[in-house]
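Student: Per my numbering, residue 16 is the first one in the sequence shown, and the count goes up by one each step. First, the structure itself, so that you have it in front of you.
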Amino acid sequence: AIHVAETIPEGLEYVDSSASPFPAKVEPGRGDIVWTFSAPITDGVPITLQYDVKPQTGITLPTTSTFVGLAVLTDTSRATIDIPIPSSVLTITEPCVPFVTPTTTPTATDIPPTPTATPTHTPTSTSTPVPQPIHFPISLNEYPCTREQRADVVLVMDASSSMNEPAGDGRTKLEAARSAAVAFIDRLKLDAGDQAAVVAFNSDAATIIGLGSDPSALEEALVGITTASQTCLVCGLEAAGEVLESEARLEANQPVIILLTDGRSNPRPVSEAVAEADRLKSDGAVIFTIGLGADLDDAALSDIASKPAFAYRASDGGALEAIYREIAVTLPGPADCYWGRRP
Numbered sequence: 016a017i018h019v020a021e022t023i024p025e026g027l028e029y030v031d032s033s034a035s036p037f038p039a040k041v042e043p044g045r046g047d048i049v050w051t052f053s054a055p056i057t058d059g060v061p062i063t064l065q066y067d068v069k070p071q072t073g074i075t076l077p078t079t080s081t082f083v084g085l086a087v088l089t090d091t092s093r094a095t096i097d098i099p100i101p102s103s104v105l106t107i108t109e110p111c112v113p114f115v116t117p118t119t120t121p122t123a124t125d126i127p128p129t130p131t132a133t134p135t136h137t138p139t140s141t142s143t144p145v146p147q148p149i150h151f152p153i154s155l156n157e158y159p160c161t162r163e164q165r166a167d168v169v170l171v172m173d174a175s176s177s178m179n180e181p182a183g184d185g186r187t188k189l190e191a192a193r194s195a196a197v198a199f200i201d202r203l204k205l206d207a208g209d210q211a212a213v214v215a216f217n218s219d220a221a222t223i224i225g226l227g228s229d230p231s232a233l234e235e236a237l238v239g240i241t242t243a244s245q246t247c248l249v250c251g252l253e254a255a256g257e258v259l260e261s262e263a264r265l266e267a268n269q270p271v272i273i274l275l276t277d278g279r280s281n282p283r284p285v286s287e288a289v290a291e292a293d294r295l296k297s298d299g300a301v302i303f304t305i306g307l308g309a310d311l312d313d314a315a316l317s318d319i320a321s322k323p324a325f326a327y328r329a330s331d332g333g334a335l336e337a338i339y340r341e342i343a344v345t346l347p348g349p350a351d352c353y354w355g356r357r358p
C-alpha cells in the first residue's frame with residue numbers, strides 16, 4: 016500500500032470536504048491529511064491529490080507557508096520505505112479578491128467611463144481569501160501485480176447500548192454500521208476465496224457467524240446483532256482471535272480484523288485491548304480500527320491498529336461506508352509481488 020500524508024502549515028486550515036480523492040483520514044488539530052492507495056498502481060499514470068486551505072479564524076494570513084508531505088510504501092510484512100515529497104512554498108503577495116458577477120448588462124447606449132490614473136480596485140485587508148489548490152508531484156515506479164491475496168476478515172462490531180443513538184444521518188449508529196459492513200462484504204471476492212466472519216461485543220463478545228463465504232448468511236448475521244451495556248474492546252479482539260484460530264481459517268489467506276466502536280473500553284481497561292492486539296499482530300493479523308462519534312480513545316485505537324494510517328475516525332454514520340470502502344482496497348496483497356519482497 017502507499018500512504019501519503021500532507022502537513023498543513025501553522026496559520027492555515029483544511030477546507031472541509033475539499034480534498035480529492037477522498038482522504039483516509041483528516042486530523043484538523045495537527046493539520047494532517049492522509050490518503051491510502053493499494054497496489055497495483057497503474058504504471059505511468061500519475062496520482063493527483065488536491066485540497067483547499069484557508070486562514071485560521073482570528074489569525075493573520077501568513078505571507079509565506081511551506082507545505083510538506085511524505086509517501087510511505089508498505090508491504091504485507093509491514094516493511095516500509097519513505098519517499099519524501101518535494102516541499103511547496105505558497106506565497107501571498109496580496110489578499111485574494113473573490114470574483115463578483117456584474118448585475119447589469121451593457122448596451123449600445125452605455126457610455127464608457129473616462130479613463131483615469133486611479134486603479135479600479137485596491138485590495139484591502141478585509142478582502143475574503145479564496146482557497147486555491149496546491150499540487151505535489153510524486154513519481155513511483157512499480158510493476159503491476161496481477162496476482163491477488165485472498166483474506167479471512169473478521170468484522171468486530173460494537174453492540175453497546177450507545178450504538179442505538181442517532182448517527183447524524185437519520186439512522187442509528189448500529190444501522191449505519193450494518194449498512195457499511197454489508198457494502199464491505201459486497202466488495203470482497205467471496206467466490207474467489209475471501210472469507211468473512213462477524214463478532215459483536217458489549218460487556219462480553221460473541222461470534223455471530225464464523226468464517227464463511229455466503230454473503231446472505233453474513234448479512235443476516237449483521238442484522239441479528241442486538242445491543243447491551245458496556246464496551247469491552249478486549250473481549251471483541253479475543254473473540255476475533257478465536258475465529259482466526261478456528262478450523263475454518265484458510266492458511267493461504269491473510270488474517271484481517273476490522274474493529275468498529277463508538278466508545279471507550281469498559282469494564283476491562285483499554286490496555287488489555289492493546290496487549291491483545293499486539294499478540295494478534297505478532298501472529299500475522301492486520302488490524303484496522305474505526306472510531307464512530309466523539310467519545311473515543313483515539314490514542315488507544317491507533318495503538319490497536321497495525322499502523323496509525325489504519326486507524327480511521329468517522330464523525331457520523333454517513334462517513335462509515337467510505338471508510339469501509341477504503342479498507343476494502345487497502346487489504347494487503349501477496350508479499351512477494353511488491354517492491355519489498357520481489358526477488
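C-beta atoms are modelled at their ideal positions from N, C-alpha and C, and glycine is treated no differently.
Can you give the beta carbon distance from I272 to I302, rounded, assuming they're within the 8 angstroms contact cut?
Tutor: Indexing the sequence shown from 1 puts residue 272 at position 257. Indexing the sequence shown from 1 puts residue 302 at position 287. Right, their Cβ atoms sit about 5 angstroms apart.
Student: Kindly provide the ranges of any alpha helix (DSSP H) runs that are 4 or more residues long and lie completely inside the stretch 197-279, ordered along the chain.
Tutor: For the stretch 197-279, whole alpha helix (DSSP H) runs of length 4 or above, ordered along the chain, are 230-238 and 248-259.
Student: Between the Cα of I224 and those of L85, G333, L259 and R279, spot the shortest distance and give me the residue it belongs to.
Tutor: Stepping through the sequence shown from its first residue, residue 224 is reached at position 209. Checked all of L85, G333, L259 and R279; the closest Cα to I224 is L259.
Student: So V19 is in the alpha helix (DSSP H); what residue range does that whole segment cover?
Tutor: Translated into the one-based positions of the sequence shown, residue 19 becomes position 4. Careful: V19 lies outside any alpha helix (DSSP H), inside the beta strand (DSSP E) at I17 to T22.
Student: Which of the three DSSP states is assigned to D310 in this structure?
Tutor: For this step, residue 310 is matched to residue 295 along the sequence shown. Three-state DSSP puts D310 in coil, outside helix and strand.
Student: For A243, which residues of its own chain have a beta-carbon under 8 angstroms away from its beta-carbon, when the five flanking residues on both sides are left out?
Tutor: For this step, residue 243 is matched to residue 228 along the sequence shown. The residues are A174, S175, S176, N217 and S218.
Student: What residue range is occupied by the uninterrupted alpha helix (DSSP H) comprising V168?
Tutor: If you number the sequence shown from 1, residue 168 lands on position 153. V168 -> not in any alpha helix (DSSP H); beta strand (DSSP E) instead, spanning A166 to D173.
Student: Taking D167 as the reference, which of L275, L295, A211 and T22 has the closest Cα?
Tutor: Position 152 of the sequence shown, counting from 1, holds the residue named residue 167. The shortest Cα separation from D167 among L275, L295, A211 and T22 belongs to A211.
Student: When DSSP labels each residue in this structure, what does Y29 get in the three-state scheme?
Tutor: As a first step, residue 29 must be located in the sequence shown, where it is residue number 14. DSSP places Y29 in strand when its eight states are reduced to three.
Student: Who pairs with K40 in a beta bridge, going by DSSP?
Tutor: Within the sequence shown, the letter at position 25 stands for residue 40. According to DSSP, K40 bridges with V49.
Student: Apart from the five residues on each side of it in sequence, which residues of its chain come closer than 7 angstroms, Cβ to Cβ, to V197?
Tutor: Here residue 197 is taken as the residue at index 182 of the sequence shown, counted from 1. Answer for V197: E234 and L237, listed in chain order.
Student: Quick check on DSSP: helix, strand or coil for G185?
Tutor: Residue numbering aside, residue 185 sits at position 170 when the sequence shown is read from its first letter. Of the three classes helix, strand and coil, the one that applies to G185 here is coil, per DSSP.
Student: Considering Cα atoms alone, identify which of N281, A20 and F325 is closest to K296.
Tutor: The residue labelled residue 296 in the question sits at position 281 within the sequence shown. Here the closest residue by C-alpha is F325.
Student: Could you give the distance in angstroms between the alpha-carbon of L27 and the alpha-carbon of S330?
Tutor: Sequence index remark: in the sequence shown, residue 27 carries index 12 (1-based). Sequence index remark: in the sequence shown, residue 330 carries index 315 (1-based). Those two C-alpha atoms are separated by around 22 angstroms.
Student: Please confirm whether K204 and G308 have their CB atoms less than 8 angstroms apart.
Tutor: For the purposes of this step, residue 204 is identified with residue 189 of the sequence shown, where counting begins at 1. For the purposes of this step, residue 308 is identified with residue 293 of the sequence shown, where counting begins at 1. Cβ distance not < 8 angstroms, so K204 and G308 don't count as in contact.
Student: Over the uninterrupted alpha helix (DSSP H) stretch that includes V285, give me the two end residues.
Tutor: On the sequence shown, position 270 is the one that residue 285 refers to. From DSSP, the alpha helix (DSSP H) with V285 extends over V285 to S297.
Student: Are R328 and G306 touching if we call contact CB-CB under 8 angstroms?
Tutor: For this step, residue 328 is matched to residue 313 along the sequence shown. For this step, residue 306 is matched to residue 291 along the sequence shown. It is a contact, given that the beta carbons lie within the stated cut-off.
Student: Compare the C-alpha of D184 against each of G332, S194 and G227 and name the closest.
Tutor: Stepping through the sequence shown from its first residue, residue 184 is reached at position 169. Per the Cα distances, G332.
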